[in-house]
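Each protein sequence line maps, in turn, to chains U and Y.
No gaps in the numbering here: position 386 of the first sequence is 548 in the working numbering, and each next residue is one more.
No gaps in the numbering here: position 43 of the second sequence is 152 in the working numbering, and each next residue is one more.
Working notes for the structure below.
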Amino acid sequence: MATTTRTLEVELATQSLGPNGELRRVPLTATPDGVVMPIDLPPGTEPDMGSERMLINIGPQHPATHGVLRLVLELDGETVVRCIPHIGYLHCGFEKIGEYRQYNQIIPWTDREDYLNSMGNNISYALSAERLFGIEITPRCTVLRVIAMELSRIISHLVWLGTTAIDMGAFTPFLWTFQERETVYNLWESWVGARLTTSASRIGGMAADLPSGWIDGLKAFLRSLPKTLDETDRMLTRNGIWVGRTVGLGVMSASEAINYGLSGPMLRASGVAYDVRKDVPYLDYETYDWDIAVGTKGDVYDRYLVRMEEMRQSIRIIEQALQRLPDGPINVDDPRVILPAKSKATSEMESMIHHFKLVMEGPRPPIGECYVATESPKGEKGYYLVSDGTSKPVRWRIRPPAFVNLSAISKMAEGHLLSDVIAINASIDIVMGEIDR
Amino acid sequence: MSVVIPGAALPHGTPDPVTPRQIPHRGGEANPSVEALRAQFGEVIGRHDVMWGETCVWIDAARIRDVVLWLRDDPSQQYDYLVDVTAVEHRDLDLPMEMVWHLRSLPYRRFLRIKASLPMAAELEVPSIEPVYKAANWLEREVFDMFGIRFAGHSDLRRILLWDSYAEGFPLRKDFPLRGRFSRSEQLSQALSANPEAKYSMEELSIADAFHELPADMRARLGGTSTGEG
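See below:
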């Protein structure tokens with residue numbers, strides 16, 4: 163019977179002190195009777211294993227990069243020495259296109275930047291445009307927008323939770339969270355007819371009022387979501403694998419986080435209690451009773467805890483909003499921006515002209531500029547609009563929170579293992595549509 | 110680690126901020142930092158206006174780094190958070206290009222817009238504020254990418270959203286057509302002739318020493334200076 167012998171050559175070495183007291187590696191060799199002995203080699207002949215660096219490319223087509231992010235990593239063994247992100251693979255020139263669109267025509271573009279939070283973006287943009295027009299929205303619209311924005315935050319965090327769990331090797335939470343997200347998408351569909359790209363807001367109001375039975379669907383969702391959150395919480399929060407793969411990773415101290423311009427859960431996990439809803443309130447957020455979730459260590463685990471708590475706080479806000487939801491008109495009574503009723507537009511000459519002028523020429527804000535920030539699930543999302551008095555903005559600037567958050571990945575990833583880069587990247591909650599725009 | 114509370118520098122008993130209502134188009138109370146800036150920097154600080162409740166102050170572009178450094182470090186200001194860096198080019202070609210910095214003071218809960226004019230005739234260059242705020246790194250790269258404004262002292266001023274060899278110009282400039290400068294056929298032929306292996310930057314190739322392992326023709330094409338598919 164023929165046999166083959168396989169040998170594996172392993173370089174054995176030990177550390178010792180050299181003649182001048184410097185630390186050096188001394189290769190070992192095995193004597194025929196099995197005793198491992200140091201051998202004396204002339205200096206310079208042993209291979210220096212410490213200087214060889216490897217270049218690893220992750221993405222842009224990699225599921226763990228949550229889109230089309232590309233990371234080039236310089237590795238020393240398995241340790242990241244340098245992380246160079248490349249973005250722009252999804253660049254569509256939204257800001258340029260916005261300069262060629264009327265103010266209401268920009269709303270569909272806001273769906274497509276941070277597509278997990280499309281409803282939130284619609285409303286953020288409408289808020290900034292309303293500031294530019296000097297419009298105060300109706301009480302019913304204010305409360306409805308709060309409900310929509312918080313629901314939007316919940317589904318964005320649910321996607322984050324599910325996909326991050328998959329990145330760390332846990333598949334089940336993904337199914338639970340996407341099941342819940344589906345409920346909200348059904349609610350969106352019954353409200354505005356679209357699931358992902360809602361385009362629900364208009365300057366001065368919303369595209370539609372709630373259909374009958376919508377509130378009941380929302381209440382059913384609010385009953386089932388805490389159970390899912392509890393289940394996921396039981397599965398992950400004290401799970402040894404989850405804790406081991408998240409604690410102590412990508413730590414940003416409070417002062418670093420502020421200097422790097424982080425916002426949203428990234429900033430709050432580092433122990434900075436800055437939330438746009440509290441500090442620069444909009445939509446009467448100061449009148450709701452809710453708490454800011456703040457972490458202490460600023461690692462991946464804290465970001466997970468902050469996002470879990472934010473979902474529970476969003477439920478609190480929605481429940482209070484449902485109690486105070488007033489009746490009344492959803493659109494402001496302002497002919498500068500709001501179309502006349504369809505029945506009037508088809509029966510009265512003046513209303514038809516009004517309708518025609520608004521659609522063809524578009525509403526015209528006064529000359530001016532404004533920056534309105536809102537708290538998106540990713541962080542401080544602001545829209546900076548500059549108007550020259552025509553119906554199209556001179557400049558439509560999106561302040562993308564995930565873009566600024568992602569710029570800190572080089573700092574966070576350095577010194578960690580290659581597999582931890584996936585966890586750190588997931589903890590930023592990037593949406594490339596928003597980063598590349 | 111203790112928790113940082115925004116608004117901590119405000120006097121005790123200051124009411125929490127509320128949703129603003131009935132904001133006037135122009136006028137209103139200006140941010141007190143403007144007067145403090147005038148006292149500190151004199152004629153570096155130009156006019157200021159308050160629009161929709163936000164204070165905008167015009168400064169000399171060459172002094173922006175000193176101004177934000179003082180705003181960040183002075184105990185009476187503490188503008189520790191850089192919100193955004195961007196630029197505006199007006200449709201009216203007589204107006205200069207504007208650089209816009211949005212700053213926020215978390216301890217004082219203040220928001221300040223700083224603007225500087227950049228005459229289109231001169232070379233568009235301003236000092237980078239990346240040494241003051243790390244957040245400016247990518248934001249300034251984006252402004253460079255989209256407007257062609259150079260930031261002196263930036264550690265890594267490269268295009269960010271577009272690729273390094275993008276030759277059509279700066280997309281957010283008003284003289285840039287919406288569909289791009291090159292014809293569709295030119296854009297397509299460039300895309301088809303792109304070399305996907307040349308997507309690493311020269312710096313990255315030197316890390317792995319991979320540049321020397323490339324075939325000679327590719328080395329010649331990369332030329333040691335340019336990157337991308339050129």
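Every residue gets a Cβ at the ideal spot worked out from N, C-alpha and C, and that includes glycine.
This structure is a prediction, so every number in the text was calculated from the model and none was measured.
Is any beta-carbon of chain U found at less than 8 Å from that of residue i?
| i | result |
| --- | --- |
| N140/Y | no |
| E163/Y | yes |
| M206/Y | no |
| W375/Y | The question about residue 375/Y has no answer, for chain Y in this structure spans 110 to 339. |
| T128/Y | yes |
| H263/Y | no |
| L233/Y | no |
| L301/Y | no |
| M160/Y | yes |
| R293/Y | no |
| S111/Y | yes |
Given this structure, state the Cα-to-Cα distance separating residue i from residue j, to the nearest angstrom.
| i | j | result |
| --- | --- | --- |
| L146/Y | M206/Y | 23 Å |
| R290/Y | E232/Y | 22 Å |
| G375/U | A362/U | 18 Å |
| S572/U | R407/U | 19 Å |
| W338/U | V153/Y | 58 Å |
| V413/U | N421/U | 14 Å |
| H578/U | I246/U | 14 Å |
| K543/U | N279/U | 11 Å |
| N266/U | P335/U | 38 Å |
| F220/Y | L178/Y | 16 Å |
| R288/Y | K258/U | 10 Å |
| L429/U | G136/Y | 33 Å |
Please report whether the beta-carbon of residue i lies at a distance below 8 Å from any beta-carbon of chain A.
| i | result |
| --- | --- |
| F565/U | Any reference to chain A falls outside this structure, whose protein chains are U and Y. |
With a threshold of 7 Å on Cβ separation, who are the neighbours of residue i within its own chain once the five nearest residues in sequence on each side are excluded?
| i | result |
| --- | --- |
| T195/Y | V209 and V252 |
| L248/Y | D193 and V194 |
| A139/Y | H157, V159 and T164 |
| E351/U | R357 |
| P126/Y | R218 |
Specify, as a first and last residue, the run of the alpha helix (DSSP H) that residue i falls within.
| i | result |
| --- | --- |
| C303/U | P301 to D329 |
| T195/Y | From DSSP, T195/Y is part of no alpha helix (DSSP H) but of the beta strand (DSSP E) over Y190 to V197. |
| F295/U | S280 to F295 |
| I403/U | G402 to T408 |
| R430/U | P427 to A431 |
| Y463/U | V462 to R486 |
| D254/Y | A245 to F256 |
| G490/U | No alpha helix (DSSP H) holds G490/U; DSSP gives it neither H nor E. |
| T345/U | T334 to V354 |
| R174/Y | I173 to D182 |
In the DSSP assignment, find the beta strand (DSSP E) that holds residue i and state where it starts and stops.
| i | result |
| --- | --- |
| N219/U | M216 to I220 |
| L233/U | R232 to D238 |
| H578/U | Note, H578/U: premise wrong, no beta strand (DSSP E); not H, not E. |
| W558/U | R557 to R561 |
| S549/U | G541 to S549 |
| K224/Y | R219 to L227 |
| H517/U | From DSSP, H517/U is part of no beta strand (DSSP E) but of the alpha helix (DSSP H) over M511 to M522. |
| S237/Y | Segment: none, S237/Y is in no beta strand (DSSP E) and carries neither H nor E. |
| P388/U | It is not in any beta strand (DSSP E) - P388/U instead sits in the alpha helix (DSSP H) that spans W376 to L398. |
| M206/Y | M206 to S214 |
Answer with yes or no whether the minimum CB distance from residue i to chain Y is below 8 Å.
| i | result |
| --- | --- |
| H253/U | yes |
| G296/U | yes |
| N421/U | yes |
| I220/U | no |
| V305/U | no |
| R407/U | no |
| L445/U | yes |
| I249/U | yes |
| S569/U | yes |
| E523/U | no |
| Y287/U | no |
Tell me which residues share the same chain as residue i and place their Cβ nearer than 6 Å to its Cβ, disregarding the 5 neighbours each side in the sequence.
| i | result |
| --- | --- |
| V308/U | L445 and A483 |
| T272/U | N283, N284 and Y287 |
Tell me which same chain residues have a C-beta within less than 8 Å of the C-beta of residue i, skipping the five on either side of it?
| i | result |
| --- | --- |
| G379/U | T345, N348, L349 and S352 |
| L217/U | V234, L235, E236 and L237 |
### Query
Touching or not, the region 561-568 of chain U and the region 391-404 of chain U, by the rule of three or more beta carbon pairs under 8 Å?
no
### Query
Counting Cβ pairs, one atom from each stretch, are 3 or more of them under 8 Å apart for the region 488-502 of chain U and the region 517-524 of chain U?
yes
#### Entry: Stretch pair the region 257-269 of chain Y + the region 226-241 of chain Y: three plus CB contacts closer than 8 Å
yes
### Message
Three Cβ pairs or more, each shorter than 8 Å: is that satisfied between the region 316-328 of chain U and the region 298-306 of chain U?
### Response
no
### Query
Are at least three pairs of beta-carbons, each pair with one atom in the region 550-561 of chain U and one in the region 522-535 of chain U, less than 8 Å apart?
yes
#### Entry: Three CB pairs or more closer than 8 Å across the region 503-518 of chain U and the region 364-375 of chain U
no
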